[in-house]
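The block underneath contains the structure these notes are about, expressed in structure tokens.
So this is what it looks like as structure tokens:
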């Protein structure tokens with residue numbers, strides 16, 4: 002394992018490169034589907050779907066190319082200060098290590114676009130419900146977007162904030178080690194509030 006994950010004093014920044022590759026693939030796939038449907042050109046519905054695919058593909062690819070040349074702030078930063086997370090286009094927040102009540106890994110089940118999804122071995126940090134409501138919660142269902150229930154999971158008196166390694170340039174083990182190391186070094190253990 003890379004020593005940067007076990008050095009508690011080192012700040013780790015995790016960008017959106019892994020997510021960008023996925024989104025670019027979806028954009029290119031949408032472009033290809035749009036071009037194919039326009040090539041078919043058999044009826045109005047096919048033409049509409051072709052233009053829709055082309056427009057969506059151009060929008061996604063354009064955004065990803067923009068982000069490539071104008072990188073955004075990292076999605077996740079682990080530092081001696083705490084866990085800084087950014088919900089793209091919505092908000093950024095800091096969870097100080099002193100607010101973290103537990104660190105662990107779990108399998109998360111939820112829904113995304115109407116489909117059941119399961120994420121395995123996801124690292125999480127547990128914070129109190131009051132901290133979650135005061136600092137993290139977004140009081141707008143549209144801005145929360147799909148998948149909120151797979152990122153913020155109520156558990157007793159805590160809310161588990163998921164740190165999904167699937168979209169970050171780290172394995173589940175590396176991410177868990179990095180979080181746990183910094184929490185043990187800089188956090189204070191406080192009792193978990195009752196449910």
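Numbering (our numbering), first residue to last: 2 to 196. For glycine and all other residues, C-beta sits at the position ideal for the given N, C-alpha and C.
Taking just the CA atoms, how far does residue j sit from residue i?
i           : j           : result
residue 98  : residue 182 : 11 Å
residue 77  : residue 50  : 36 Å
residue 39  : residue 126 : 47 Å
residue 140 : residue 41  : 44 Å
residue 159 : residue 122 : 19 Å
Shortest alpha-carbon distance to residue i belongs to which of the options?
i           : options               : result
residue 132 : 161, 117, 119 and 104 : 161
residue 120 : 85, 108, 126 and 18   : 108
residue 92  : 146, 55 and 123       : 146
residue 94  : 105, 102, 104 and 82  : 82
residue 28  : 37, 55 and 7          : 55
residue 188 : 15, 45 and 101        : 101
residue 65  : 18, 75, 116 and 44    : 18
residue 20  : 156, 62 and 155       : 62
Excluding the five sequence neighbours on either side, which residues of its own chain have a C-beta within less than 6 Å of the C-beta of residue i, listed in chain order?
i           : result
residue 138 : none
residue 34  : 54
residue 177 : 106 and 124
So residue i packs on residue j, CB below 8 Å; how close in whole Å?
i          : j           : result
residue 57 : residue 31  : 5 Å
residue 13 : residue 179 : 6 Å
Spatial neighbours of residue i within its chain, please: CB distance less than 7 Å, with the 5 preceding and 5 following residues excluded, ordered by chain position.
i           : result
residue 194 : Bear in mind that a pLDDT of 49 at residue 194, under 50, signals an unreliable position, so the number given afterwards is only what the model happens to contain. Answer for residue 194: 129 and 158, listed in chain order.
residue 8   : none
residue 10  : 81
Determine, for residue i, whether the minimum Cβ-Cβ distance to residues of chain C falls below 9 Å.
i           : result
residue 115 : Given the protein chain composition of this structure (a single chain), no chain C is represented.
Tell me, please, whether the segment 101-116 touches the segment 63-78 by the rule of three or more beta-carbon pairs shorter than 8 Å.
no
Would you call the segment 153-170 and the segment 86-105 in contact, with 3 or more CB pairs under 8 Å?
yes
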